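First residue of the sequence shown? That's 1 in the UniProt record's numbering, and the numbers climb one at a time after it.
Glycine included, every Cβ here is placed at the ideal spot set by N, Cα and C.
As the structure is a prediction and not an experimental result, all values here were calculated from the model.
Okay, structure first, notes after.
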Amino acid sequence: MTDVLDRGVKLSNDNERDYNHATDSEYKRLRAKADEYYKKRNALSQQSQAAYKQKDGQRAHELSEELKKALAQAEQYSQQAAEYVFRENNADSAADEIDLHGLYVKEAEWILKVRLKQAISTNQSHLKVIVGKGLHSQNGIAKLKPAVDQLCDETRLKHYIDPKNSGVMIIELNGEDASNIPTGWGSGTITQPQQAYHGNNQPHYQQQQHQQQQQQQLQYQQQHHQNQNQNQNFKTGNQLLDLLLKGLCMCINSK
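In structure tokens form, the structure reads like this:
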């Protein structure tokens, strides 16, 4: 197991593993399919609400059922994309690294909380978080770096940009006590990302769902993901990576 944990990419080595999610056709395909179904879900939601306002209950119900199917498909592709890119980026990462490239902000925040809690609990001195430089973000504006920065500020974790690599944030953990970590970190009480997308392929929180529709969706999702999770097998050969992948799946599936 030690050999597995010690094996990893050196952040400043020119011979490091050169994986780039922005050019990975499989990753792009999965994200595109997820976005396609989220857009379909949003369109069906608007149609269902319109039918509901017109007091066409039968049509509203039919559209709501179609909506739930589209949402399940969207979440399936979104989960596959997040698992895929996280696995590709971290399969050979060192024990003190975590690469968040290719994850949406809410996905990255959730999994970083789990990783930080684990690192502090095992007295790890620091964690190198690969957040990138925003080169692949819309308009070149970095999203992961400010999100990680804010997370550290809120929890008073000392952090700074690696002077040798501006795409890496180092979080100092010496002297940190696990009891100081919010109780929700690493559990289902963490705020989970709502899986609703606009045309810019970025997640946002859906505001306009009436209560009955939300309850129907939740019941469907719980049953769908319970069946789905029973068949999932997280085995990469790296126990920590397997644990984080399983946690990421729970993050995406949870509401």
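Cα-Cα, which of the options is closest to residue i?
i	options	result
S48	E36, V168 and E62	E62
K128	H101, K68 and Y52	H101
N180	V168, T155 and D162	T155
R29	D56, L71, A81 and A147	A81
I130	Q118, L157, D177 and F86	F86
G132	S45, S166, H21 and T183	S166
Q76	E109, G184 and A32	A32
W110	P182, Y37 and E172	P182
Y37	K55, N20, R59 and E66	E66
I170	K143, D177 and L112	L112
E176	Q150, G184 and K117	K117
residue 338	L103, D149, N42 and N20	In this structure the chain extends from 1 to 255, so residue 338 is not present and cannot be described.
Y104	D96, Q79, A95 and S121	Q79
K143	A108, I120 and R115	A108
E97	Q46, V168 and A74	V168
Give me the Cα-Cα distance between residue i and residue j, rounded to the nearest whole angstrom.
i	j	result
S64	Y27	29 Å
K164	S25	30 Å
K39	S125	43 Å
H159	C152	7 Å
E83	Y52	37 Å
N174	I161	17 Å
K145	A60	42 Å
L44	V148	34 Å
N20	Q58	47 Å
Q150	L157	10 Å
N89	A50	43 Å
Y205	G184	Confidence at Y205 is low in this model, with a pLDDT of 30, below 50, so its placement is unreliable and the value that follows should be read with caution. Their backbone Cα atoms lie some 20 Å apart in a straight line.
A119	A95	10 Å
residue 308	K68	An answer regarding residue 308 cannot be provided, because it is not within the stretch 1 to 255 covered by the chain.
Q73	V114	26 Å
A91	Q46	41 Å
E172	S121	14 Å
Tell me which residue opens and which closes the beta strand (DSSP E) that residue i is part of.
i	result
D99	E97 to D99
L112	Taken as a continuous stretch (DSSP letters only), L112 belongs to no beta strand (DSSP E), being part of the alpha helix (DSSP H) at V105 to S121.
E172	V168 to E172
I161	H159 to I161
Just reading off the alpha helix (DSSP H) that residue i is part of, what are its end residues?
i	result
E62	G57 to N90
K128	Looking at the DSSP string, K128 is not in any alpha helix (DSSP H); the run it does join, the beta strand (DSSP E), is H126 to I130.
E36	S25 to K53
A147	L144 to T155
Count the other C-beta atoms from every protein chain shown that fall within 10 angstroms of the C-beta of residue i, then say buried if there are 16 or more, exposed otherwise.
i	result
D35	buried
K106	buried
S93	buried
N123	exposed
A22	exposed
K55	exposed
A178	exposed
Does the ligand HEM have even one heavy atom less than 8 Å from the beta-carbon of residue i?
i	result
K145	This structure lacks the ligand HEM; in fact it carries no ligand of any kind.
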